[in-house]
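Asker:
2 protein chains.
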Amino acid sequence: MTTRWLSSDEQHCWRSFLRACGSLFSAIDGQLVRDSGLPHGYYEILAHLSEAPDRRLRMSELARVSTFSKSRLSHAIARLEERGWVIRRDCPTDRRGQFAELTEAGLTAITAAAPGHVEQVRRALFDALTPQQVAQLDEISAAIAEAAASARSRAGEAGECPGATCDPEPGAVG
Amino acid sequence: MTTRWLSSDEQHCWRSFLRACGSLFSAIDGQLVRDSGLPHGYYEILAHLSEAPDRRLRMSELARVSTFSKSRLSHAIARLEERGWVIRRDCPTDRRGQFAELTEAGLTAITAAAPGHVEQVRRALFDALTPQQVAQLDEISAAIAEAAASARSRAGEAGECPGATCDPEPGAVG
DNA sequence: TGATAGTGGTTGAGTATTCAACATCAGTGC
DNA sequence: GCACTGATGTTGAATACTCAACCACTATCA
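Residue numbers (this note's numbering), protein chains in the order written: chain S, 284 to 457; chain G, 284 to 457.
#1: For G/L345 and S/D337, what's the separation of their Cα atoms in angstroms?
#2: Which residues in chain G sit within 8 Å of S/V316, going by Cβ to Cβ distance?
#3: State yes or no: is the beta carbon of G/C296 nearer than 9 Å to at least one beta carbon in chain S?
#4: Cβ of G/V401 within 9 Å of Cβ of G/E384?
#5: Consider the Cβ of S/R339: report whether some Cβ of chain G lies at a distance smaller than 9 Å.
#6: With H, G and I counted as helix, E and B as strand and the rest as coil, what does DSSP make of G/R405?
#7: Excluding the 5 residues flanking G/M342 on each side, which residues of the same chain have their C-beta closer than 8 Å to its C-beta?
#8: The beta strand (DSSP E) that contains S/F351, what's its start and end?
#9: Answer with buried or exposed for S/D318, where buried requires no fewer than 16 other C-beta atoms within 10 angstroms of its C-beta.
#10: Is G/L301 close to chain S, meaning its C-beta is less than 9 Å from at least one C-beta of that chain?
#11: Would you decide whether S/P398 is buried or exposed? Buried here means 16 or more other CB atoms lie within 10 Å of its CB.
#12: Under 7 Å between beta-carbons, which chain G residues line up against S/R435? List them in chain order, please.
#13: Can you round the beta-carbon distance between G/A425 and S/S333 to whole angstroms, since I take them to be within the 8 Å contact cut?
#14: Of all the options G/I393, G/G389, G/D292 and G/C374, which has the alpha carbon lying nearest to the alpha carbon of G/R366?
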């Protein structure tokens, strides 16, 4: 199979997207760490818990909604537990299961962090987009999320073209 | 200053975007690590070098185009140097400066990695988007990149509203 | 009942990234 | 020449993340 190289438009879009994500997440993460000592991933965890019934979620469900791996989440919850912001609870119906539950201190922490964070999301993202673009980005994101999730599991199947037999042109390597 | 909370549309878009980026980069990174032993950031470095005149770039320029911090780039180049894929060269006109230069082995490595990577970018991203959406995403990305870059430096100025005096509503914390 | 496969979650080692501190040099003004 | 400011990179320690191995449990099937 010959490689389906990116078109010039696609190449430009991909690079532009990478730059955008790089700047955006570094802006988001930087503000949170500076002002709240909280990496963005940890903030996401607390945010999801704060919205859940009884402020608790099963580990697996929390991993799913935050796109964390099981391992990453387990480590992260351990750190949040050390800070007293989250506590683990056994699941009564499945003895393998664990709940992560937001504590009062955790709620206070995210409540304090939220205004600065939201303001930064606005400045770095929504202030730059028209309402129409927000709608477009929402649709595009949904499409990407679905495709990427299936691409993640499909990777490693046929079509990889290992080695240097595909005559790639330097300058269009992604 | 009262916090400009996200509207329901913005909230939905932001969550959707976070999920998309999470899945996308984990799909991209997973394929590269599995098939080429190369995290995506490192791939980007090699790709940029492969396109540069004489296959070399100043560290600061390379950091800029790949959205790496100086420190992150310095560590990354050290790893790539250990693998023999990149070599540092002194800059003749500025004795503080360093070039990162792609070696023959490095060129071979990225040439081998490119087809599988590009295929994965297609599957996880472009196969899911219409040409119109690609154009939209390109424009949106450019807008984000600019806004985020300036938000990164503006963070910490007035408007952060520290503490819990802003009456945030749980459920819309970003 | 017992065997087997699959799920939910944790752990430790290795790697990547960040942050702050540092060293070196260029540019400017005196 | 000298002092000062800013730019270019590097380093080491602390933190975060990934991967593979693992334990405990559930579900299924016989």
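The beta-carbon is built from N, C-alpha and C at its ideal position, and this holds for glycine as well.
Answerer: Answer, in terms of the structure:
#1: 48 Å
#2: Result: empty, since nearest Cβ-Cβ is about 10 Å, beyond 8 Å.
#3: yes
#4: no
#5: no
#6: helix
#7: K353, L356, S357, I360, G380, Q381, F382 and A383
#8: Here S/F351 belongs to no beta strand (DSSP E), and DSSP marks it neither H nor E.
#9: buried
#10: yes
#11: buried
#12: S306, S309, A310 and G313
#13: 34 Å between Cβ atoms; not a contact.
#14: G/G389
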